[in-house]
């Protein structure tokens, strides 16, 4: 069973469900899908004031939620997968504490969805797709208190880890079409500037793939 935590924000509920549908449609294995929703985590007190959505820091609670055992995958809700997620799951490496795509880019847009600031920073978007080795001793520092009291730069840049413990995933597993352009061979599309459910981003690069998945989420008839 593949355990997947997905960021959920009430301002774009449809994004979460479309993401889930894409996972289910392509998966050849059993999935355990859990939303990282604010009201589902009453034990965690959010103290950060720079969040662009309600789940941005909750992904770092996953080792604790997993009781520091086994593996889990975390992704954002503004994504769809176009390949069997088992192929990503099979890239786990027990020598690493986390694995992620090592993006190195500067954003094209200073403002993203709902008027949120979109700043450049080192390791930008590395944390949006993470294969978590929850059993790794280095991740035991990630308690609710640690997450709530440490800065976004500490968390999103994996500053609690030595660099050699941050494994690298192929870029196709976190492709940013609104930043990098179209790539129809990408395995995971991440609409990081804004999910196409928002009118402003309804026609962004590769938004058509998201709209197709939304149609399949709402209604599917096998022909």
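Numbering (the working numbering), first residue to last: 64 to 286. Each residue gets a CB set at the ideal place from its N, CA and C atoms; glycine is no exception.
Cβ-Cβ distance between residue i and residue j below 7 Å
i	j	result
residue 131	residue 186	no
residue 84	residue 258	no
residue 99	residue 71	yes
residue 95	residue 64	yes
residue 252	residue 269	yes
residue 205	residue 126	yes
residue 160	residue 199	yes
residue 236	residue 248	no
residue 229	residue 221	yes
residue 138	residue 210	no
residue 260	residue 75	yes
residue 82	residue 67	no
residue 232	residue 201	no
residue 207	residue 107	yes
Which listed residue (the options) has its alpha carbon closest to that of residue i
i	options	result
residue 88	240, 224, 211 and 149	149
residue 143	254, 265, 264 and 266	254
residue 105	121, 93 and 92	121
residue 214	123, 247 and 260	123
residue 170	163, 282 and 241	241
residue 217	282, 140, 190 and 245	190
residue 128	141, 152 and 103	103
residue 147	226, 273, 93 and 265	93
residue 145	212, 157 and 238	238
residue 86	245, 133 and 151	151
residue 226	163, 97 and 101	163
residue 243	168, 140, 157 and 101	168
residue 264	141, 101 and 133	141
DSSP beta-bridge partners of residue i
i	result
residue 135	195
residue 269	Answer is none; residue 269 lacks a bridge partner.
residue 95	66
residue 260	Answer is none; residue 260 lacks a bridge partner.
residue 276	In DSSP, residue 276 forms no bridge with anything.
residue 238	252
residue 143	252
heavy atom of the ligand FAD below 6 Å from residue i C-beta
i	result
residue 240	The ligand FAD is absent from the structure shown, which contains no ligands of any kind.
Residue interval of the beta strand (DSSP E) (run including residue i)
i	result
residue 66	65-70
residue 253	251-253
residue 230	229-232
residue 162	161-164
For residue i, the first and last residue of its enclosing alpha helix (DSSP H)
i	result
residue 128	125-128
residue 211	207-212
residue 82	76-89
residue 151	149-152
residue 216	215-219
CB-CB length for residue i against residue j, believed under 8 Å
i	j	result
residue 196	residue 166	Actually they are not in contact, since the Cβ atoms of residue 196 and residue 166 sit about 20 Å apart, beyond 8 Å.
residue 77	residue 277	7 Å
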